[in-house]
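Reviewing the structure listed below.
Numbering (this note's numbering), first residue to last: -2 to 435.
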């Protein structure tokens, strides 16, 4: 193949990859490789496409071919490590990333990837250290910053002064959440709490761009939501697991009340430590603005938690709150309205359609796809305010400002948000302005 024709074919393969036409890109690259078996970059591209198609074994061979052709080919090593991470083989990935860094000691993405593999394995102290190394070589590496913040939601380092993130998180952890037994949470307690937290942010991380919007208090159970949504998105069928998934849902009308719910969820004592989250509603097809959700395995458990939570909320939050039990995810109920109908008396709910089993088996036939999620060393969320929490609360306040909740002024009149939150909020506002009832 002459150089011009080869260049044109490679450009076409890259175009197909950028358009996510991976099967077509795979065929294109096969043709190129049949005539050119000496270019490590082509084998690397081939591996990237195979990885996108979840052909893990083939991707490994392609990346190994690329580094056999050039034993200092950084991209090939790095992508090989990425395959091992996705396969849940974290120790093997760490070995590969260390090889990358021995070749290129200032490779910030290599440190970030190494840290993420260590995090998945449960080596949290080493993980934070290598996220720091990534930032040392690239101070604007936002992914590494956000990754440190996520580690700090379930791990407290011994040396809190390691970096600005661990330092800020440690200072925030010293602030007591205003929650007293037999005592209503007052608005001025929320305001005072936020002001104290904001002082720490302004001192250490002023105007930090952070895009998350949901505060979790999680246990170690993997709910498998990515797998379930892939089945639903691809085939528009509800996975069998989700027929036993129920949630206690809380809807509120004030940003201050949402923060109060965050306090309640942090202190809530449940026998199974059910995962729960507070959130602003950014989905365009979902009603409501401020929400809390507690994940339950079965309607009986959901009803018990509903009763327990209702008593607590009546004491802690005095303004109007809507509490109820719902089934599964909103998207399922939109596609199948009968799915969301809950009759407490008869418990005659929509049941799983066994014909859908074959759809689930198509997704599950690629057993490696969710190997990383299944293999991660999970830890329960730390209680008390974390850096992650207060950065998310800032995004909530911006959302409150945009939707016209004047309570935001009691917290922060000069609030800003990340471009991603701003964009999502703008899309949500279009639905609110159309007169849809929320």
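Think of the CB as a built atom: it goes at the ideal place given N, C-alpha and C, for glycine as much as any other residue.
Note that the coordinates shown come from a computational prediction; the quantities given were computed from them, not determined experimentally.
Within its own chain, the residues whose Cβ lies closer than 8 Å to the Cβ of residue 155, once the five positions on either side in sequence are excluded, are 122, listed in chain order. Looking at the backbone, the Cα of residue 5 and that of residue 44 are separated by about 19 Å. Taking a 10 Å sphere around the C-beta of residue 225, we find 16 or more other C-beta atoms and assign the residue as buried. Taking each of 80, 357, 378, 38 in turn and checking the Cα distance to residue 221, the smallest one comes out for 357. Annotated three-state conformation of residue 174 is coil, per DSSP. Taking every protein chain shown into account, the CB of residue 236 has 16 or more other CB atoms within 10 angstroms, so this residue is buried. If you draw a straight line from the Cα of residue 42 to the Cα of residue 32, it is about 15 Å long. Under the three-pair Cβ rule at 8 Å, the region 105 to 124 does not count as touching the region 347 to 364.
DSSP places residue 53 in the helix class (H, G or I) of the three-state scheme.
Separation of residue 209 and residue 351 (C-alpha to C-alpha, rounded to the nearest whole angstrom) is 37 Å. Residue 335 is a Cβ neighbour of residue 347, given a cutoff of 8 Å. Spatial neighbours of residue 64 in its own chain (CB-CB distance under 8 Å, excluding positions within 5 residues in sequence) are listed in chain order as 37, 70, 73, 74, 77. DSSP places residue 262 inside the alpha helix (DSSP H), whose first and last residues are 252 to 264. Ranked by how close their Cα comes to the Cα of residue 325, the residues 349, 316, 318, 152 have 349 in first place. Comparing alpha-carbon positions, the option among 86, 303, 404, 273 lying closest to residue 380 turns out to be 273. Only residues of its own chain outside the window of five on either side were considered, and among them 349 have a CB closer than 6 Å to the CB of residue 240, listed in chain order.
In this structure, DSSP gives residue 380 a state outside helix and strand, which the three-state scheme calls coil.
The alpha carbon of residue 60 has as its nearest neighbour, out of 173, 52, 46, 40, the alpha carbon of 40.
Here the region 412 to 426 makes contact with the region 196 to 209; the two share three or more CB pairs at distances below 8 Å. With fewer than 16 other Cβ atoms from the protein chains shown falling within 10 Å of its own Cβ, residue 171 counts as exposed. For residue 82, no beta strand (DSSP E) encloses it; the enclosing alpha helix (DSSP H) starts and ends at 71 to 83.
Distance check between residue 47 and each of 21, 115, 169, 278 places 21 closest, using alpha-carbon atoms only.
Residue 371 is not a Cβ neighbour of residue 160, given a cutoff of 8 Å. Residue pairing of residue 347 in beta bridges, as defined by DSSP: absent, with no partner found. Secondary structure note for residue 242: its beta strand (DSSP E) is the uninterrupted segment 242 to 249.
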